[in-house]
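Number of protein chains: 2
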Amino acid sequence: MTATTSPVTIRDVGLRDGLQILARTVPTAHKIEWLHAAHAAGLRELEIGSFVPARLMPQLADTAALVEAARSLPGLVASVLVPNLKGAQAAIEAGAQAMLLPLSASRAHSLANLRKPPDEVVDEIARIRDWRDVSGSRCLLEVGISTAFGCTIQGRVDEDEVLRLVGAVLDAGADRVGLADTVGYADPLQVSRLFARAFEVAGDRLACGHFHDTRGLGLANVYAAWQAGVRRFDACVGGIGGCPHAPGASGNVATEDVAWLFASMGVPTGLDFDALLALRTSLAQRWLPGEALHGNIWRAGLPKTLLEEAA
Amino acid sequence: MTATTSPVTIRDVGLRDGLQILARTVPTAHKIEWLHAAHAAGLRELEIGSFVPARLMPQLADTAALVEAARSLPGLVASVLVPNLKGAQAAIEAGAQAMLLPLSASRAHSLANLRKPPDEVVDEIARIRDWRDVSGSRCLLEVGISTAFGCTIQGRVDEDEVLRLVGAVLDAGADRVGLADTVGYADPLQVSRLFARAFEVAGDRLACGHFHDTRGLGLANVYAAWQAGVRRFDACVGGIGGCPHAPGASGNVATEDVAWLFASMGVPTGLDFDALLALRTSLAQRWLPGEALHGNIWRAGLPKTLLEEAA
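As given, the protein sequences belong to chains A and B, one line each in that order. Taking my numbering, the leading residue of the first sequence gets 13, the next gets one more, and so forth. Taking my numbering, the leading residue of the second sequence gets 13, the next gets one more, and so forth.
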């Protein structure tokens with residue numbers, strides 16, 4: 013088992029990816045409670061907001077306050093989403109430890125989402141890297157290649173184009189890169205193939221798999237990516253963060269389900285299962301009452317075999 | 013892709029495994045409609061009932077009538093569950109094309125379920141095989157090794173014991189054997205390992221993977237078994253057939269989700285996706301109103317990429 017037991021990191025992205033499509037705005041005090049509960053459950057990477065104009069995304073307008081709160085939690089790497097240089101400057105100024113810039117491999121999605129074709133986003137990444145280095149900041153710059161497995165607008169996304177962009181963003185100065193199935197189109201064979209090819213381009217700078225469970229293949233895709241060598245995954249407690257193009261469908265893979273997948277295989281994640289389920293209950297009852305939550309393991313609980321091992 | 017595109021067979025077991033834990037009894041006329049709709053969706057293997065005493069399982073007391081109805085459908089292999097020789101005799105008399113005998117690898121589960129330890133069930137399999145051969149019947153005898161991945165009563169189930177039983181049931185005369193995660197305990201690594209070892213024992217007579225989605229790993233386990241070489245899977249439209257020990261949790265993997273998993277990877281199943289979803293709607297609205305259905309793909313529908321391919 014030694015080859016399979018290197019630890020896996022789960023980054024919970026609920027406070028950003030989960031909240032950004034909701035109509036409601038969660039009060040800052042609740043978000044800070046959420047942040048503390050996530051940290052207490054053993055999560056050491058959290059995406060906690062986005063530096064986009066508040067008029068576009070009022071749900072995340074308090075991101076600087078969240079970054080401030082996160083800095084008091086020991087061992088926590090708090091990342092924020094930034095769409096451009098201006099957002100990156102705000103992230104660095106706020107003291108975020110990491111920033112994630114999404115670059116859509118689908119040209120149609122990139123134009124719709126950021127109003128720029130992918131290569132102009134690559135240019136922006138180079139400007140962010142320069143600015144960061146000149147400023148003396150050590151904020152990690154990660155790029156998430158979104159719609160890497162298909163796009164609701166464009167349909168198929170060419171794998172060679174995804175790989176070209178992986179190389180281009182690293183050349184432009186990104187510290188690391190991940191592949192995201194933004195709309196829940198990926199299948200396990202595609203995941204195996206594309207991650208294997210992307211590792212050839214990026215080596216260990218390929219450092220994240222981001223999967224949605226829109227069509228039920230979320231955990232199969234996580235497993236396929238893990239088989240390909242991925243050791244860091246995005247997820248959301250309660251599986252929040254659905255795709256606006258698939259109303260009612262599941263969102264991001266649920267943190268507690270991904271934690272269970274790895275626990276079931278004996279792969280350490282450092283997460284406290286009961287604390288994750290308690291966090292899910294707080295989402296359901298206190299911070300997001302009435303919102304659709306997803307995920308599976310919360311219903312059935314851990315199997316007797318695993319409980320025996322833990323005892 | 014040639015190595016991965018050999019077809020996969022999905023056997024829908026809803027009319028047996030799905031119905032047996034429900035309090036309601038579905039009228040025979042509805043079951044026959046269901047049978048026809050499943051056949052029309054391209055399903056060519058269906059488990060349609062069980063020859064157990066009607067007082068124990070009144071939901072399936074009309075199994076002989078279902079077998080009769082199934083015989084009129086071209087190309088259909090209708091299988092029934094049989095717990096013992098008496099059930100097997102009834103199955104053969106009714107004209108079933110295949111019979112499935114469950115043998116629990118968990119001694120505790122076997123005693124609770126069949127009131128016999130596993131090796132007495134092996135003896136019964138030998139008697140069934142003898143009786144079948146003497147009777148001149150060609151009814152296929154399949155054994156499903158249940159609780160092969162763990163047991164709610166006993167906890168851990170020893171892999172060597174599972175493999176010993178795989179060999180024993182084949183020696184006793186079973187035509188083929190499958191491994192079943194009866195209670196939703198399996199993980200993908202365990203599935204890979206146990207199926208690989210079981211193929212060494214059984215060769216191509218190892219011919220079924222039966223997975224429950226109780227804890228969300230159903231499709232990841234199907235994928236892992238497929239990677240190990242399994243090309244035939246049990247499933248239920250609407251994911252019915254939950255475990256009575258995990259109330260509210262998902263049941264069998266959903267036929268439409270398994271069909272989608274394989275379609276997403278370009279693996280042929282011969283199934284008509286729209287017809288499967290229509291069958292699910294009939295379950296929800298006409299034959300099982302008020303029962304909890306599960307599964308994922310029905311909410312989001314097929315992705316644009318796959319629809320483009322089909323066009």
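Idealized CB from N, CA, C, for every residue including glycine.
- prompt: So A:Thr317 and B:Gly254 are in contact, right, with Cβ under 8 Å, and what is the actual spacing, rounded?
  reply: Along the first sequence, one-based indexing puts residue 317 of chain A at 305. Along the second sequence, one-based indexing puts residue 254 of chain B at 242. Not a contact, Cβ separation roughly 19 Å.
Interface positions of the segment 261 to 284 of chain A facing chain B (Cβ-Cβ less than 7 Å), listed along the chain: Ala261, Ser262, Asp269, Trp272, Leu273, Ser276 and Met277
field: Burial state of B:Met13, where buried means 16 or more other Cβ atoms lie within 10 Å
entry: Residue numbering aside, residue 13 of chain B sits at position 1 when the second sequence is read from its first letter. Confidence at B:Met13 is low in this model, with a pLDDT of 42, below 50, so the placement of that residue should be treated as unreliable; the coordinate-derived value is given next. Exposed, because fewer than 16 other Cβ atoms sit within 10 Å of the Cβ of B:Met13.
- request: Measure the Cβ-Cβ separation of B:Val270 and B:Ala237 and say whether it is below 8 Å.
  value: Locating residue 270 of chain B in the second sequence gives position 258, counting from the first residue. Locating residue 237 of chain B in the second sequence gives position 225, counting from the first residue. Their beta carbons are not under 8 Å apart, which means B:Val270 does not touch B:Ala237 by this criterion.
field: Limits of the unbroken alpha helix (DSSP H) element including A:Asp183
entry: Numbered from 1 along the first sequence, position 171 holds the residue referred to as residue 183 of chain A. Glu171 to Asp183 is the span of the alpha helix (DSSP H), which, as asked, contains A:Asp183.
message: I'd like the span of the beta strand (DSSP E) that includes B:Ile44, first residue to last.
response: If you number the second sequence from 1, residue 44 of chain B lands on position 32. Counting along the chain, B:Ile44 falls outside any beta strand (DSSP E), though it belongs to the alpha helix (DSSP H) covering Thr40 to Ala52.
- request: Decide if B:Asp24 is buried, meaning its Cβ has at least 16 other Cβ atoms within 10 Å, or exposed.
  value: By 1-based counting over the second sequence, the position of residue 24 of chain B is 12. B:Asp24 should be labelled buried.
- prompt: In three-state DSSP terms, what is B:Gly228?
  reply: Position 216 of the second sequence holds residue 228 of chain B. Three-state result, B:Gly228: coil.
query: Going along chain A, which residues have a C-beta under 8 Å from B:Asp199?
result: Here residue 199 of chain B refers to the residue found at position 187 of the second sequence. Simply Leu273, Ser276 and Met277.
- prompt: If the cut is a Cβ gap below 7 Å, which residues of chain A does B:Val316 touch?
  reply: For the purposes of this step, residue 316 of chain B is taken as residue 304 along the second sequence, with counting starting at 1. Here residue 316 of chain B is Lys; the residue named in the question, Val, does not match the sequence. Within chain A, the residues near B:Lys316 are Thr164 and Gly167.
field: Bridge partner(s) assigned by DSSP for A:Ile165
entry: As a first step, residue 165 of chain A is located in the first sequence; it is residue number 153 there, counting from the start. Bridge partners of A:Ile165: none, in fact.
Where A:Arg56 falls: helix, strand or coil (DSSP): Position 44 of the first sequence, counting from 1, holds the residue named residue 56 of chain A. Residue state, collapsed to three classes: coil.
message: Counting only C-beta atoms, is B:Ile309 closer than 8 Å to chain A at any point?
response: Walking along the second sequence from the start, residue 309 of chain B turns up at place 297. Yes - at least one Cβ of chain A is within 8 Å of the one on B:Ile309.
- request: Identify whether A:Gly26 lies in helix, strand or coil by the three-state DSSP scheme.
  value: Numbered from 1 along the first sequence, position 14 holds the residue referred to as residue 26 of chain A. Looking at A:Gly26 - three-state DSSP - the assignment turns out to be helix.
message: Cutting at 7 Å between CB atoms, please list the residues of its own chain near A:Leu175, excluding the five before and the five after it.
response: Along the first sequence, read from residue 1 onward, the residue named residue 175 of chain A stands at position 163. Result list for A:Leu175: Arg209, Ala210 and Val213, in chain order.
- request: For A:Val89, name the three-state secondary structure that DSSP assigns.
  value: For this step, residue 89 of chain A is matched to residue 77 along the first sequence. The answer is strand: DSSP assigns A:Val89 an E or B state.
- prompt: Whose Cβ in chain B lies nearer than 7 Å to the Cβ of A:Leu327?
  reply: Nothing can be reported for residue 327 of chain A, as the shown portion of chain A is limited to 13 through 323.
message: For A:Asp4 and A:Ala53, I'd like the C-alpha separation in whole angstroms.
response: Residue 4 of chain A is absent from the structure shown; chain A starts at 13 and stops at 323.
- request: Could you work out which residues of chain B lie near A:Gly253, taking near to mean beta carbons separated by less than 8 Å?
  value: In the first sequence, the residue the question calls residue 253 of chain A occupies position 241. Ordered by position in chain B, no residue passes the 8 Å Cβ test against A:Gly253, which lies about 14 Å from the chain.
- request: Hey, could you find the ends of the alpha helix (DSSP H) B:Arg188 is sitting in?
  value: Reading the second sequence from its first residue, position 176 is the one you call residue 188 of chain B. Per DSSP, B:Arg188 belongs to no alpha helix (DSSP H); it is in the beta strand (DSSP E), Arg188 to Asp193.
query: Exposed or buried, B:Arg188, counting other C-beta atoms within 10 Å across all chains shown (16 or more means buried)?
result: Walking along the second sequence from the start, residue 188 of chain B turns up at place 176. Buried, because 16 or more other Cβ atoms sit within 10 Å of the Cβ of B:Arg188.
task: Note down, one range per segment and in chain order, each alpha helix (DSSP H) of at least 4 residues found wholly within the segment 59 to 147 of chain A.
output: 75 to 82, 97 to 106, 119 to 126 and 130 to 147
query: In the DSSP assignment, what residue or residues form a beta bridge with A:His306?
result: The residue you call residue 306 of chain A lines up with position 294 of the first sequence. Paired residue(s): none; A:His306 is not in a bridge.
query: If we cut at 8 Å on Cβ distances, does B:Ala138 have a partner in chain A?
result: Taking the first residue of the second sequence as 1, we reach residue 138 of chain B at position 126. No - not a single Cβ of chain A is within 8 Å of the one on B:Ala138.
field: Collapsed DSSP secondary structure at B:Ser276 in the structure displayed
entry: The residue given as residue 276 of chain B occupies position 264 in the second sequence. Reduced to three states, the DSSP call for B:Ser276 is helix.
- prompt: Can a CB atom of chain B be found closer than 8 Å to the CB of A:Thr226?
  reply: Reading the first sequence from its first residue, position 214 is the one you call residue 226 of chain A. Yes, A:Thr226 lies at the interface with chain B (some Cβ there is under 8 Å from its Cβ).
- request: Can you tell me which of B:Leu305, B:Arg292, B:Ala232 and B:Gly278 puts its alpha carbon nearest to the alpha carbon of A:Trp4?
  value: In the structure as shown, chain A starts at 13 and stops at 323, and residue 4 of chain A therefore has no counterpart that could be examined.
- prompt: Closer than 8 Å, CB to CB, is B:Gly196 near chain A or not?
  reply: Indexing the second sequence from 1 puts residue 196 of chain B at position 184. Yes, because at least one Cβ of chain A sits closer than 8 Å to the Cβ of B:Gly196.
Where B:Pro200 falls, given that 16 or more other Cβ within 10 Å makes a residue buried: Residue 200 of chain B sits at position 188 when you count from the first residue of the second sequence. When all chains shown are included, B:Pro200 counts as buried.
A:Arg292 burial status per 10 Å Cβ neighbour count (16 or more: buried): Taking the first residue of the first sequence as 1, we reach residue 292 of chain A at position 280. The residue is buried, with at least 16 neighbouring Cβ atoms inside 10 Å.
field: Where B:Leu314 sits in the DSSP three-state scheme
entry: Within the second sequence, the letter at position 302 stands for residue 314 of chain B. DSSP places B:Leu314 in coil when its eight states are reduced to three.
- prompt: Under the rule that 16 or more other beta-carbon atoms within 10 Å means buried, what is A:Val203, buried or exposed?
  reply: Within the first sequence, the letter at position 191 stands for residue 203 of chain A. Looking at its Cβ environment, which holds 16 or more other Cβ atoms inside 10 Å, A:Val203 is buried.
task: Might you give, ordered along the chain, the residues of its own chain that have their beta carbon closer than 8 Å to the beta carbon of A:Arg141, omitting 5 neighbours on each side?
output: Indexing the first sequence from 1 puts residue 141 of chain A at position 129. The answer, listed in chain order, is Leu153, Ala184, Gly185 and Ala186.
query: For B:Ala312 and chain A, any beta-carbon pair shorter than 8 Å?
result: What you label residue 312 of chain B is simply residue 300 of the second sequence in a count that begins at 1. Closer than 8 Å: yes.
- prompt: Going by DSSP, which residues form a beta bridge with A:Glu154?
  reply: As a working mapping, residue 154 of chain A is identified with position 142 in the first sequence. A:Leu112 and A:Arg188.
- request: Assuming A:Leu177 and A:Ala117 form a contact by the criterion Cβ under 8 Å, report the distance between their Cβ atoms to the nearest whole angstrom.
  value: Taking the first sequence and counting its residues from 1, one reaches residue 177 of chain A at position 165. Taking the first sequence and counting its residues from 1, one reaches residue 117 of chain A at position 105. The pair is a contact, with the Cβ atoms about 6 Å apart (cut-off 8 Å).
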